[in-house]
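Colleague: In my numbering, the protein residues as written are 2 to 279.
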Amino acid sequence: MQLISPRTIILRFFQFVPKRILFLLTSLTFFSIGFFLILVKGEGTTITYNLLVSLLPLFMLLLSLSFGIRKQNLFKIVLMPSLLVISSYLLLSFFPNLNTFFKFSFIVFTSLVLYFMLLSLNVFLVVEEKGSTIPLIRPARTTFLLLEIYTFFLFVTSLYKVLLPDPLTEATFLFQFTLVFLITYFFAQAYWWSQNLESDISSFVGNESLTVAFFVLVIAISLSFFSTESFFRALSLVATYYVSINFIESVVTHKFIKSQYWEYFLITLLIILFLILE
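Below is the structure:
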């Protein structure tokens with residue numbers, strides 16, 4: 002008797018459930034647990050507890066995207082929504098003094114972001130499976146970088162609040178730098194994939210994802226010499242990621258315009274002002 006894989010069983014079970022419903026259920030699960038953490042648990046949650054409760058929405062998002070997950074696209078599909086879920090719950094633990102209304106608004110907004118993120122990933126998976134474009138691919142590609150930037154900002158903000166326990170406390174910086182480098186690399190890979198630029202990127206100057214990750218890492222190390230809050234560090238790294246990705250994409254697609262120099266200059270100037278004022 003031929004054994005049926007768990008993935009096949011799941012796909013057959015949910016083949017009559019519309020994907021939008023699964024995405025909506027995933028977002029509602031994320032929102033419900035966030036609502037529970039805010040109003041029921043209040044300020045009494047720990048990092049471990051928030052990580053544990055994130056397992057349910059993580060399972061739901063894996064379930065909702067299971068139809069298109071393959072070994073070659075696993076990180077590109079799963080990483081961003083997973084980090085969005087985990088980072089959001091961790092921020093509720095790291096910033097307990099924020100008022101309830103702000104926390105509630107944050108969870109509502111992030112739930113919507115998660116829903117549209119799943120919709121975008123679904124579009125990319127459908128295009129990848131069919132081998133041809135569909136009308137929704139254009140808005141999905143346009144919003145993907147914004148979704149990455151929002152997720153990356155939450156991730157870095159929460160990461161800089163993490164302090165490893167003894168005897169690993171002194172290695173916290175190394176832990177943070179390593180994660181920043183790896184996540185930046187995989188985010189860049191996911192972005193090239195979403196824009197269908199993987200073949201163009203690989204023939205440009207080598208490994209552009211590695212280049213972007215290196216630039217972000219250099220800024221992360223440089224910021225460690227300043228006494229800045231995690232929020233401003235995250236803002237600086239997000240700006241570096243955006244400028245690096247945008248510059249490489251513009252050069253590869255031959256769409257670079259001179260006004261981008263002013264855009265990059267203004268972004269750099271704003272970050273410097275933030276660091277000085279902070």
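We treat Cβ as the ideally placed atom computed from N, Cα and C, and that holds for glycine.
1. Could you work out which residue in Phe117, Leu75, Leu146 and Leu93 is closest to Val54 when comparing CA atoms only?
2. Using a Cβ distance threshold of 8 Å, determine whether the region 160–177 contacts the region 140–150, with at least three qualifying pairs required.
3. Applying the 10 Å Cβ sphere with the 16-neighbour rule, what's the burial state of Gln73?
4. Taking just the CA atoms, how far does Ser65 sit from Lys20?
5. What distance in whole Å lies between the Cβ atoms of Val86 and Leu59, which are believed to be in contact at a cut-off of 8 Å?
6. Taking the straight line between their C-alpha atoms, what separation do you get for Lys104 and His255?
7. Classify Phe156: buried if its beta carbon has 16 or more other beta carbons within 10 angstroms, exposed otherwise.
8. Should the region 162–170 be called in touch with the region 106–122, which here means at least 3 C-beta pairs below 8 Å?
9. Mapping the DSSP letters down to three states, classify Arg139 as helix, strand or coil.
10. Mapping the DSSP letters down to three states, classify Ser245 as helix, strand or coil.
11. If you count every other CB in all the chains shown that lies within 10 Å of the CB of Val239, and 16 or more means buried, which is it?
12. So does the region 211–220 actually touch the region 116–125, counting three or more Cβ pairs closer than 8 Å?
13. Shortest alpha-carbon distance to Thr111 belongs to which of Leu99, Tyr151, Leu80 and Phe76?
14. My assumption, with CB atoms under 8 Å, is that Met61 sits in contact with Leu26. Please give the rounded CB distance.
15. Quick one: residues in its chain with C-beta nearer than 7 Å to the C-beta of Leu276, no 5 flanking neighbours on either side, listed in chain order?
16. Use the C-beta contact count for Thr158: other C-beta atoms within 10 angstroms, 16 or more gives buried, fewer gives exposed.
17. Buried or exposed, going by whether 16 or more other CB atoms sit within 10 Å of the CB of Lys131?
18. What is the rounded straight-line gap between the Cα of Tyr192 and the Cα of Lys162?
19. Looking at Phe188: is its Cβ nearer than 8 Å to the Cβ of Phe154?
20. Do you know whose CA, among Asn100, Trp263, Leu224 and Ser83, lies nearest Ile184's CA?
21. Of the choices Ile246, Asn197 and Val128, whose alpha-carbon is the least far from that of Leu211?
22. Tell me, please, whether the CB atom of Leu137 is closer than 8 Å to any CB atom in chain C?
23. Assuming Val236 contacts Ile268 (C-beta within less than 8 Å), just tell me the rounded distance between them.
24. Output the distance between the C-alpha atoms of Gly69 and Leu274, rounded to the nearest integer angstrom.
Modeller: The structure says:
1. Leu93
2. With a cut-off of 8 Å, the region 140–150 and the region 160–177 do not count as touching, because too few Cβ pairs lie within range.
3. exposed
4. 7 Å
5. 6 Å
6. 42 Å
7. buried
8. no
9. The answer is helix: DSSP assigns Arg139 an H, G or I state.
10. helix
11. Buried is the call here.
12. With a cut-off of 8 Å, the region 116–125 and the region 211–220 do not count as touching, because too few Cβ pairs lie within range.
13. Tyr151
14. 6 Å
15. Phe227, Thr229 and Phe233
16. buried
17. Classification for Lys131: exposed.
18. 26 Å
19. With a cutoff of 8 Å on beta-carbon distance, Phe188 and Phe154 are scored as not near each other.
20. Considering only alpha carbons, the answer is Ser83.
21. Ile246
22. No chain C appears in this structure, which consists of one protein chain only.
23. Note on identity: in this sequence residue 236 is Leu, with Val being the wrong assignment. Contact flag wrong, Cβ pair sits at about 10 Å.
24. 44 Å
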